[in-house]
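Written out below as structure tokens is the structure these notes cover.
Residue numbers (UniProt numbering): 1 to 400.
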């Protein structure tokens, strides 16, 4: 044909790879994830779904006549949480770093909104925002993440830039000052349980950053003075003070302030080695333990799944903490190390406090059991934490 370049040849057809093929590539984030961590978290969430279902299926006063009402909502929360994990993994924790000031400010606005007329009181704590349609949000759960992000960013900035080997006093004071703002607002709600978790998270972040032990000792002194001031200024409600009194003396008012703990121990103790069987717990179906789908969900496991079931839950939580500690230890920069250590501290203390309060070895503080308790805000925050851990793991795999 006239005018046709003899060297020209038709372009070779290359079939387009679909999304699944890209995910399965050797350098795909999906291949670099810690799947032991993911599977342990999914297993724990699956057990939690069954426990929430058992605790709520016969409670017609809250399930609107639908035995699966809480189960379906719990599974939807779990699906959204997994989606948030995927979003964090695709975005990456280093790219998220640029948005930390915005996320911090958003969390402050969230807890401030709780103190406005938008806030709602649940079980004595004015820490919720009712969204309508049966949905509500607890902004203090997301403050845990914002504290981890902002403190990790500040403490690691000059170290990762090669300007110093450990955070200096100015960086530490700046980080503590920013962390104190949401923590103080949450305490004013008053949400003592979330405040306790935040305090422990901050201590874990400082330890991971390599800060001097003098800072930790100083914080312990300040914390003691602050706790005394909180009591003297009557910031805590009377029921919160009574909970600590009941913890110190379990025989104090077993029909009143000590009722929850007493019934929780009865439920767990009645399960024995193998439990009474799922959906067959008499304490659970009799509704003797309050808030059994949220704060006291571990009592359902103790009664219906027994000692073996409880050890499975604790074992799965232990696997999650083990893999998270490994990710923190192998991180390639201080920002990633502090970030992962903050999530580890958060999961570990919150799990210990929740299980401990049902056994009577910790005061009742009203915080959920990670991955297990019912609650959208808690589930979303926990799975965002898993996403942060996975992002650190993926970065380590690429660097290694």
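Where a beta carbon is used, it is the ideal one built from N, C-alpha and C, also for glycine.
Cα-Cα separation between residue 291 and residue 161, rounded to whole angstroms: Approximately 48 angstroms, taken between the alpha carbons.
Three-way DSSP call (helix, strand, coil) for residue 299 in this model: The DSSP-derived three-state label of residue 299 is helix.
Buried/exposed call for residue 247, threshold 16 Cβ in 10 Å: Flag for residue 247 reads buried.
Check whether residue 148 and residue 205 have beta carbons under 9 angstroms apart: Cβ atoms of residue 148 and residue 205: closer than 9 angstroms.
Just tell me which of 373, 126, 107, 186 has its CA closest to the CA of residue 294. Residue 373 holds the alpha-carbon nearest to the alpha-carbon of residue 294 among 373, 126, 107, 186.
Pull up the CB-CB distance for residue 208 and residue 337, whole angstroms please, since I reckon it's below 8 angstroms. Correct: roughly 6 angstroms between the Cβ atoms.
Label residue 141 either buried or exposed according to how many other C-beta atoms from any shown protein chain fall within 10 Å of its C-beta, with 16 as the threshold for buried. Per the 10 Å Cβ criterion, buried.
Among 199, 136, 310, which residue has its Cα nearest to the Cα of residue 222? Comparing Cα-Cα distances from residue 222 to each of 199, 136, 310, the minimum goes to 199.
Alpha carbon to alpha carbon, what distance is there between residue 388 and residue 88? Cα to Cα, the separation comes out at about 6 angstroms.
Distance between residue 172 and residue 155 (C-alpha atoms, nearest Å): Using only the alpha carbons, I get a separation of about 6 angstroms.
For residue 107 and residue 378, I'd like the C-alpha separation in whole angstroms. Looking at the two C-alpha atoms, the distance is approximately 14 angstroms.
Which residues in the same chain as residue 268 place their Cβ atom closer than 6 angstroms to its Cβ, once the five residues preceding and following it in sequence are excluded? Hits under 6 angstroms: 299, 302.
Going straight from the alpha carbon of residue 38 to that of residue 229, what length do you get? So the alpha carbons of these two residues sit roughly 42 angstroms apart.
In whole angstroms, what is the alpha-carbon distance linking residue 58 and residue 188? Distance between the alpha carbons of residue 58 and residue 188 is about 36 angstroms.
Are the beta-carbon atoms belonging to residue 81 and residue 45 less than 9 angstroms from one another? Contact: yes.
Among the candidates 211, 176, 119, whose CA atom is the shortest distance from the CA of residue 164? Considering only alpha carbons, the answer is 211.
Any idea if residue 313 is buried or exposed, counting beta-carbon neighbours within 10 angstroms, 16 or more meaning buried? The residue is buried, with at least 16 neighbouring Cβ atoms inside 10 Å.
Report all residues from its chain with a CB closer than 6 angstroms to the CB of residue 69; omit the five preceding and five following residues, and keep chain order. Excluding its 5 nearest sequence neighbours in each direction, residue 69 has C-beta neighbours in its own chain below 6 angstroms: 63, listed in chain order.
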